[in-house]
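Numbering (my numbering), first residue to last: 66 to 144. Comments concern the structure below.
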Amino acid sequence: MCLIYQKLAPASDVYIEDLHEAGGVTAALNELSKKKGALHLDTMTVTAKTLGENIAGHEVKDYNVIYPIDKPFTEKKAA
Numbered sequence: 066m067c068l069i070y071q072k073l074a075p076a077s078d079v080y081i082e083d084l085h086e087a088g089g090v091t092a093a094l095n096e097l098s099k100k101k102g103a104l105h106l107d108t109m110t111v112t113a114k115t116l117g118e119n120i121a122g123h124e125v126k127d128y129n130v131i132y133p134i135d136k137p138f139t140e141k142k143a144a
């Protein structure tokens, strides 16, 4: 099962600008990294740093946009 932690869609109330203001993709990945095994944090990236290093310290600023890891937007399977 793939839990959904964000809902961004043209027909929703949350837009990509809202994701940016809530901390961006790095904050979303940092939140997702709290779930053991969800991400390979030791993977090297094009920045010559690991994924874990790149997302460290990027915190969620709005949990109404990026849902907490323990309270997903929905527990339905992602399409």
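For each residue, glycine too, the CB sits at the ideal point set by N, CA and C.
Selection from Asn129, Leu106 and Ile134 that minimises the alpha carbon distance to Asp78: Asn129
Lys136 versus Ala113: straight-line alpha-carbon distance, rounded: 33 Å
8 Å Cβ cutoff met for Ile134 and Glu96: For Ile134 and Glu96, yes; Cβs fall inside 8 Å.
Where Thr91 falls: helix, strand or coil (DSSP): helix
Beta-carbon proximity list for Leu104, same chain, < 7 Å, skipping 5 on both sides: Leu94, Leu97, Ser98 and Leu116
Outcome for Tyr80 when other beta-carbon atoms lying within 10 angstroms are tallied against a minimum of 16: It counts as exposed.
Strand pairing of Thr115, partner residues [DSSP]: Met109
Element boundaries [alpha helix (DSSP H), containing His123]: Unbroken run through His123: none, as it is neither H nor E.
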